[in-house]
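For the sequence shown, my numbering gives the first residue as 1015, with consecutive numbering after it. Working notes, beginning with the structure itself.
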Amino acid sequence: MKVITSLVVLNSCATEYLMIFLHGLNSNGYEVSKKFCDLANQYKNIKMVFPTSEKRKVGIYNNECVNAWYNITTKNVSMDEDCQGLNESMESILDLINFYGFRPESVIIGGFSQGAAMALYTAMNSYYRFRVVLCFSGYLPCFLSTKNCVEQRIVMTHGKKDSEVPYIFGWLSYGALLVFKQCVKFISFDGPHEFPPNYEDLVLGKYRMLK
């Protein structure tokens, strides 16, 4: 099992909540952490951790080695899914959570794009009931084999003009989560493959997740 050693931490002394936020394909923890600097200054009680995945060969990049939580071989993300890579990354993420010693109910797990899919997969295949799961422009991979262990609180957002992870994949994942009897909110916005507008208010204000 691979151990995550490359990461960015904001509010390193915080002890009330832990947020693990996962980057997208061919990105890194530093790049996605820049989206949360203002939020970290506002919420000093949240330790924010942004790990960088290991490099692996990715089919849609002609098998070039890039930062990736799992392999993607085709733009149709529901085809030929890399469940082994997903499970390996999930174990590394759970080990990271255990390392910081927070109770699962005090942990926010989320991500953007492939990171969102990785966060959702982790939430649906572990016995940790997280405080909230944030899925920005992602989907539920390997949903036919998901363990659906515990009920999670999930917020999904997806741009209707997303050409990287088409909107329909997010919407179908939302439907699958409803079938799994998950507590899930799906928010559409008129935009491409990006963070939703006012995402800071969305995840920490409107839904009052951190009372």
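All C-beta atoms in this analysis are idealised placements derived from N, C-alpha and C, irrespective of residue type, glycine included.
Look at the stretch 1129 to 1196 and you find these whole runs of beta strand (DSSP E), each 3 residues long or longer: 1146 to 1150 and 1167 to 1173. Contact between Val1072 and Phe1126 is absent: CB atoms are separated by about 17 Å, not below the 8 Å threshold.
Judged by their CB atoms, Phe1157 and Ser1177 are not nearer to each other than the 8 Å cut-off. Each of Thr1171, Leu1134, His1037 and Glu1165 was checked against the Cα of Ser1151, and the nearest Cα belongs to Thr1171. Of the residues Gln1196, Lys1174 and Ile1182, the one whose Cα lies closest to the Cα of Phe1209 is Lys1174. Ranked by Cα distance from Glu1105, the first of Val1164, Thr1029, Tyr1084 and Thr1088 is Tyr1084.
Comparing alpha-carbon positions, the option among Val1169, Ser1202, Met1138 and Phe1064 lying closest to Gly1043 turns out to be Phe1064.
Judged by beta-carbon spacing, Met1132 lies within the 8 Å limit of Ser1103, meaning their Cβ atoms are closer than that value. In the structure shown, the three-state DSSP call for Gly1099 is helix. In the DSSP annotation of this structure, the continuous segment of the alpha helix (DSSP H) that includes Asn1055 starts and ends at Cys1051 to Gln1056. If you ignore the 5 residues before and after Asn1162, its C-beta comes within less than 7 Å of the C-beta of Met1138 and Phe1194, all in its own chain and listed in chain order.
Distances from the CA of Thr1066 to each of Val1080, Tyr1075 and Glu1214 were compared; the closest alpha carbon is that of Val1080. One Cα belongs to Asp1204, the other to Lys1089, and the distance between them is close to 22 Å. Per DSSP, the beta bridge partners of Asn1081 are Lys1069. Within the model, the alpha-carbon separation for Ile1086 versus Ser1202 is close to 25 Å.
One Cα belongs to Val1169, the other to Asn1076, and the distance between them is close to 33 Å. Gly1125: member of the beta strand (DSSP E) spanning Val1121 to Phe1126, first to last residue.
Secondary structure note for Tyr1044: its alpha helix (DSSP H) is the uninterrupted segment Gly1043 to Ser1047. Put simply, the backbone Cα of Leu1100 is about 16 Å away from that of Ile1034.
The beta carbons of Thr1136 and Ile1107 sit closer together than 8 Å. Between Leu1032 and Phe1113 a beta carbon distance of about 10 Å is seen, past the 8 Å cut, so the two are scored as non-contacting.
Asn1212 is classed as exposed because its beta carbon has fewer than 16 other beta carbons within 10 Å across all chains shown.
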